[in-house]
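Heads up: the sequence lines are chains A and B, in that order. Under the numbering used here, residues -8 to 736 are what the first sequence spells out, in order. Under the numbering used here, residues -8 to 736 are what the second sequence spells out, in order. Beta carbons: idealized from backbone N, C-alpha and C, even for Gly.
There are 2 protein chains.
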Amino acid sequence: MAASSSPAISQSLVGRAISHHGSADRADPAGALPGFRLSNLAGLSLESSSLRTARRMHPVLNRASPRATVRAASVETLEKTGTSMVEKSVNTIRFLAIDAVEKANSGHPGLPMGCAPMGHILYDEVMRYNPKNPYWFNRDRFVLSAGHGCMLQYALMHLAGYDSVKEDDLKSFRQWGSKTPGHPENFETPGVEVTTGPLGQGIANAVGLALAEKHLAARYNKPDVEIVDHYTYAILGDGCQMEGIANEACSLAAHWGLGKLIAFYDDNHISIDGDTEIAFTESVDTRFEGLGWHVIWVKNGNTGYDEIRAAIEEAKSVKDKPTLIKVTTTIGYGSPNKANSYSIHGSALGVKEVEATRQNLGWPFEPFHVPKDVKSHWGRHVPQGAALEAEWNAKFAEYEKKYKEEAAELKSLISGVFPAGWEKALPSYTPESPADATRNLSQQCLNALAKVLPGLLGGSADLASSNMTLLKMFGNFQKDTPQERNLRFGVREHGMGAICNGIALHTPGLIPYCATFFVFTDYMRAAMRISALCEAGVIYVMTHDSIGLGEDGPTHQPIEHLASFRAMPNILMLRPADGNETAGAYKVAVVNRKRPSVLALSRQKLAQLPGTSIEGVEKGGYIISDNASGNNPELILIGTGSELEIAAKAADELRKEGKKVRVVSLVSWELFDEQSDAYKESVLPAAVSARVSIEAGTTFGWAKIIGSKGKAIGIDRFGASAPAGRIYKEFGLTVENVIAVAKSL
Amino acid sequence: MAASSSPAISQSLVGRAISHHGSADRADPAGALPGFRLSNLAGLSLESSSLRTARRMHPVLNRASPRATVRAASVETLEKTGTSMVEKSVNTIRFLAIDAVEKANSGHPGLPMGCAPMGHILYDEVMRYNPKNPYWFNRDRFVLSAGHGCMLQYALMHLAGYDSVKEDDLKSFRQWGSKTPGHPENFETPGVEVTTGPLGQGIANAVGLALAEKHLAARYNKPDVEIVDHYTYAILGDGCQMEGIANEACSLAAHWGLGKLIAFYDDNHISIDGDTEIAFTESVDTRFEGLGWHVIWVKNGNTGYDEIRAAIEEAKSVKDKPTLIKVTTTIGYGSPNKANSYSIHGSALGVKEVEATRQNLGWPFEPFHVPKDVKSHWGRHVPQGAALEAEWNAKFAEYEKKYKEEAAELKSLISGVFPAGWEKALPSYTPESPADATRNLSQQCLNALAKVLPGLLGGSADLASSNMTLLKMFGNFQKDTPQERNLRFGVREHGMGAICNGIALHTPGLIPYCATFFVFTDYMRAAMRISALCEAGVIYVMTHDSIGLGEDGPTHQPIEHLASFRAMPNILMLRPADGNETAGAYKVAVVNRKRPSVLALSRQKLAQLPGTSIEGVEKGGYIISDNASGNNPELILIGTGSELEIAAKAADELRKEGKKVRVVSLVSWELFDEQSDAYKESVLPAAVSARVSIEAGTTFGWAKIIGSKGKAIGIDRFGASAPAGRIYKEFGLTVENVIAVAKSL
């Protein structure tokens, strides 16, 4: 029944809140709140006259400081908004942040205090979400790109009724095993969409979320049913604005016309090193206009509630451009002695200043207290959220009746359940199949998979014709063709990776892939690490994976890159050797939706080898040939990718001389590590110490595989500009050298 | 004598052209030029009327192509410039590029063909340099940020008379051991200033070069003698413009008011994936105005010589801002069938199209030919360059007479010879010295060294107060205080690294350092790899080097980073354990002017350990304590950085139980690797297989050190948000665990 199917989707999604960090004890149980002396506030009542008196004494402007020009009207009284509940809610947010940071004696109170007004308006007035099902598909997405200010988001989620942020969670802010870590982490805290903190990542994630919405809306909405329809909101700070990744992603957001992306720029003029005047004097407004955004300036972000509301309305009315709302705020608003200074950016206020801030804002409550009327005001979000979801479910039921096929496909995307037998689409090869570059074999896999996996979409950082990543049956995702599945990222590797993280975390069945030369993972490594950390199953299609690319020379030739990803947690480094292994690598990459995969692929042609298989790849390491019996070869040759062929040829030669030689493909060290000890022993028996590895990259890390008596053939210097064959020869990556080294053992 | 001292400087600099890639055979000797059929061009004379006829037939506009809108007036005849020599020189440049790419059957002819006019004007009319001494201190700097177009620069250097690019070098373009690799590499080709190719790096290097000039000019120029006075020119393409690093560096360039930086933006609307319309539709002009640059648009970059000249004049007249000259060109200008398309970006034209281009541009010469009048025209640069240098030498002699002290200091910077005994300034510590974080000890070293090393300057990416990198006796390098030595990079790690590469390569005695949290090396890894490749001795001051940073959590906690740099060629990864080791790390970093150093430093306090020393650090690994004799301990505990203390304490406990235990500090694996086998055996004797390592990072790579019987204590997962002590305990990085593991061996 259609009516029952939609809740089932929601249900299955709630189950996603599984974290690889597991659960652990909550530290600091409620009640232990040292350091607060509230006695002198006890007499204050909550009547607005007292509040007004307190506010009139706001001393920010009275401070004498040569640099501390107050740019926003931080002392305007709040009366003119006439909404005392808003003021009270905003102060609740401020003090939850202050109290949590104070208790942890660690954290960043400044941003939550300054951004509480826009945060309040977003979560209380604007955004559509269901606190009891943070994974409801059609929710508005929110990204705190300035992730250090996470207490803002935790406070808002707490007020809104998310189960992940209860009072105890606020009290265990930044403690072992808590749901409220030092920066927002989607894998820890249901309701947090992405993982931010490293600056600039969040706004790029938000671009990915907005792209996903625009793409799915174009594919599944019908003239009579808008089944995909939400906004993506982000808050970014000065730090995010300085990062190159933000400029990359924002350039693309405008190019793609992501009109439902609304970003708030917390323009507070303070970063860790002090006033942004010392390093950041560009006109952000003009730059964003150049990028193609709609730009609005809210001059009084501290108390200008109506201005903020109007800006959001205006942003929504601009359909063809993303909007940047520059909101000028005072960092640490409300703190009499620390507002508008770097000292409130990343440290607890301290007992004395907390007290002064309570006085100043007229806040008589004990730490972590949410006033009853504020609680009751926010209480509507639980029933409202449930109603929003129920309404959408009903709409979906209607949709399903009219558009059976589309509904089924969309449901599979939302649930992340792939069509049965999808893996049968993967091509297979025999040793007689023509030799080919694994980048070309990769394109065969991508095109085969795109037919059976409706969520596969992606592209390259301006190297589509080199990376071989075009899906031939689809056009380009562009402003006016958002239903298409080829993404054109331009030369913006870092933005590309982070945008793909956003796509992957938008909908479980979306499988974003992205591509560049393997060496340029250096440009996007921060985003790739976040993929691994935030459990985004992005597929990184990395071609030109060694000196085998030849003439472009050392700036383009990866050396240390395989090792550098093998050392990174929760990411799969795969280096297939031929067609079957490339297909296997894609199978692994698709199956692993909670860890990203990096596929290192060759520019040069490689033979299809006997013995390779998809099943072998799934084990990470396996025997492709052996002329010994009883698990007792005289020699084991171990190769990966393009060098497996060299190992195989060397084995052929040595076998001609009567040697018992095993050849092992170690296509993914991580997967091999996960196999049983018995399996590992069956591939690399401890008793066989004569082992030679060959790989066109650093030998760093190979000691673990070859043992202290083995030898690693590799490259521990930078590459060179010359035809590939010549470099291979000069660097000793040859059949002859493998044989010579093997004989030396 | 003053008069003789300046040439001595030049002399010493010529000796810098040493490459770690060494020399090798030149491939493809002159004469072997297969594939060219010039017979049908033989009848063409060089008279200008023939040239004109050929040009009038220029067919670019006749092509029918839906996307190929010609944006520059690529068919205007050249007559109006009235400078046939310029035209001929420009075509010489084009055909040298065409011919070299054709012979190599690899390379990028499109940019050189389109940028030949601006290239000609720069090298023939504008820039001040001495071809016979590419290291003359006061030369104008040129950076080809769009490094794939390197044949442009090689052709220009060849015409100008640089010894590094003779005809044979052009003929061995992209071949093993040549001086003309696939992208510009300063360590291969004297006269190339920096190493480019990875897009965006070059323009950021250029910002560093211009910063160095402004800084040195402010420190050493006198009202009556401008001893430092040159421009920095760069050419960047659409690809560079898309990269975030370029935006970061260009934002800083304007902030710093680098008025002598003049960047040409080759606006050709083509990148590898085709028309830039598919991914790059922002207004670059507006963005640069927002960044604070002066922007000029040359609409006809193909033949508008006077417009280009006028733009350069205008750029020079704007003293307080860097200038972007957007030059609209046609990629592959002159090629009748491939101009203005991606097909000419990165492939040889092919015999047929080369011939068609010769016809089209009226070029009757054999490959690699430089017409006699062109040769003679360019011939003046050798004597002119010598005269420029001689003039400057004379000026320096005058300067030296009047300003003895400044001259001596500047000379030491130019020669890269440090004041004798500089290393004595490094602090030393005893076990009784107070415990301290190595980031604080690092600041002591930096401040001590800044007093004795006039070329030490640097700063942080908005974390100065966390990285502890301020030089207390200096102010901030700013637009109006360029003589100061604290650089404020803002939150722009990638730009920071590349800017430091430019500073390091500007003048041998400049020692740039830069800082952020260790985990954020991920943001700047591409620039750090270029440091290593281009032999720029940048000091990377990387604090918060492990889970020891605590509450900020896994986004901020490095895990795989130590391994990832140990795997990178030509870079030193140093992780000092206390004050003496921090001093040692700085000594190593300063001495190594041809390889960068990465210092991993703690946020948390560490004890001053008995047995640590500067000398020990210089060897990379050494014994800090041992109660065994005869190089035969029962157990070796190996630690680095903050975990060395844990190893030392565990050893103390085990010794109480009568065990013979050695403790080894492995502060730099690279330096230890370079020691003699005898030394290494004296530290880690092969016979002792009971080895336990402890390091708060991945165990990846440690197998080589501990052998197959040893055990590595480390962290092979992401970190967590909690107080540092708690995470250490939860992850087993404790004295108790070391003892337990040791006993299990």
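| Item | Value |
| --- | --- |
| Sort A:Pro560, A:Tyr613, A:Glu526, A:Gly528 by Cα distance to Ala568 (chain A) and report the nearest one. | A:Tyr613 |
| Hey, how far is the Cα of Tyr719 (chain A) from the Cα of Ile538 (chain A)? | 7 Å |
| Beta-carbon within less than 7 Å of Ile704 (chain A)'s beta-carbon, same chain only, minus the 5 sequence neighbours each way: which residues are those? | Val683, Ser684, Ile685, Gly723, Leu724, Asn728, Val729, Val732 |
| With a threshold of 8 Å between beta carbons, is Trp167 (chain A) in contact with chain B? | yes |
| Find the nearest neighbour of Glu184 (chain B) within the set B:Met148, B:Ala95, B:Leu662, judged by alpha-carbon distance. | B:Met148 |
| Helix, strand or coil for Thr277 (chain B), going by three-state DSSP, please let me know. | helix |
| What is the DSSP secondary structure of Asp297 (chain B), reduced to helix, strand or coil? | helix |
| Against chain A, with Cβ distances strictly below 8 Å, would Phe465 (chain B) count as a contact? | no |
| Exposed or buried, Val215 (chain A), counting other C-beta atoms within 10 Å across all chains shown (16 or more means buried)? | Correcting the residue type first, residue 215 (chain A) is Asp in the shown sequence and not Val. Burial call: exposed. |
| From the beta carbon of Thr689 (chain A), is the nearest beta carbon of chain B less than 8 Å away? | yes |
| Could you have a look at Val289 (chain A) and say whether DSSP puts it in helix, strand or coil? | strand |
| Verify the CB distance criterion: does Leu32 (chain A) have a CB-CB separation below 8 Å to chain B? | The predicted position of Leu32 (chain A) is uncertain, since its pLDDT is 30 and thus under 50; a value taken from the coordinates is nonetheless stated next. For Leu32 (chain A), the answer is no, since every Cβ of chain B falls outside 8 Å of its Cβ. |
| Could you tell me which of B:Gly138, B:Ile696, B:Val443, B:Leu102 sits nearest to His336 (chain B), measuring between CA atoms? | B:Leu102 |
| Could you tell me whether the Cβ atoms of Met76 (chain B) and Ala88 (chain B) are closer together than 8 Å? | no |
| So that I know if they touch, is there some Cβ in chain B lying closer than 8 Å to that of Ile316 (chain A)? | no |
| With DSSP as the reference, identify every bridge partner of Cys505 (chain A), one or two as the case may be. | A:Gly450, A:Tyr531 |
| Would you check if the stretch 510 to 526 of chain B and the stretch 511 to 524 of chain A touch, i.e. whether three or more CB-CB distances between them fall below 8 Å? | yes |
| Go ahead and label Asp471 (chain A) buried or exposed: buried means 16 or more other beta carbons lie within 10 angstroms of its beta carbon, across all protein chains shown. | exposed |
| What are the start and end residues of the beta strand (DSSP E) that includes Met564 (chain A)? | 563 to 565 |
| Keeping to the same chain, check which residues put their C-beta closer than 7 Å to that of Arg586 (chain A); ignore five residues upstream and five downstream. | Ala523, Glu526, Gly528, Asn561, Ile562, Leu563 |
| Using a 10 Å radius around the Cβ and a threshold of 16 neighbouring Cβ atoms, would you call Asp311 (chain B) buried or exposed? | exposed |
| Does any CB atom of chain B fall closer than 8 Å to the CB of Glu665 (chain A)? | no |
| Classify Lys734 (chain A): buried if its beta carbon has 16 or more other beta carbons within 10 angstroms, exposed otherwise. | exposed |
| Out of B:Gly488, B:Pro410, B:Tyr145, point me to the one whose CA is closest to Met198 (chain B)'s CA. | Just to set this straight, residue 198 (chain B) is Val in the shown sequence, not Met. With distances taken between Cα atoms, Val198 (chain B) lies closest to B:Gly488. |
| Can you list, in chain order, the residues of its chain with a C-beta nearer than 6 Å to that of Thr314 (chain B)? Leave out the 5 residues immediately preceding and following it. | Ile253, His285, Ala306 |
| From Asn431 (chain A) to Met233 (chain B), what distance separates their C-alpha atoms? | 27 Å |
| Using C-beta distances below 8 Å, list every residue in its chain close to Trp127 (chain B), excluding the 5 sequence neighbours before and after it, in chain order. | Ser1, Leu4, Tyr120, Asn121, Gly376, Leu379, Glu380, Trp383 |
| In terms of alpha-carbon separation, which member of A:Gly248, A:Glu625, A:Pro676 lies closest to Leu736 (chain A)? | A:Glu625 |
| Within the continuous alpha helix (DSSP H) that includes Tyr577 (chain B), where are the two ends? | 570 to 582 |
| In chain order, which continuous runs of the beta strand (DSSP E) of length 3 or greater are located wholly inside the stretch 196 to 254 of chain A? | 223 to 228 |
| Rounded to a whole number of angstroms, what is the C-alpha to C-alpha distance between Leu200 (chain A) and Pro410 (chain B)? | 56 Å |
| Are the stretch 666 to 677 of chain B and the stretch 136 to 146 of chain A touching by the rule of at least three beta carbon pairs closer than 8 Å? | no |
| Which residue from B:Tyr153, B:Asn438, B:Gly235 puts its Cα closest to that of Trp413 (chain B)? | B:Asn438 |
| Which residues in the same chain as Cys241 (chain B) place their Cβ atom closer than 6 Å to its Cβ, once the five residues preceding and following it in sequence are excluded? | Leu282 |
| Would DSSP call Asn351 (chain B) helix, strand or coil? | helix |
| Buried or exposed: Lys647 (chain A), going by 16 or more other Cβ atoms within 10 Å of its Cβ? | exposed |
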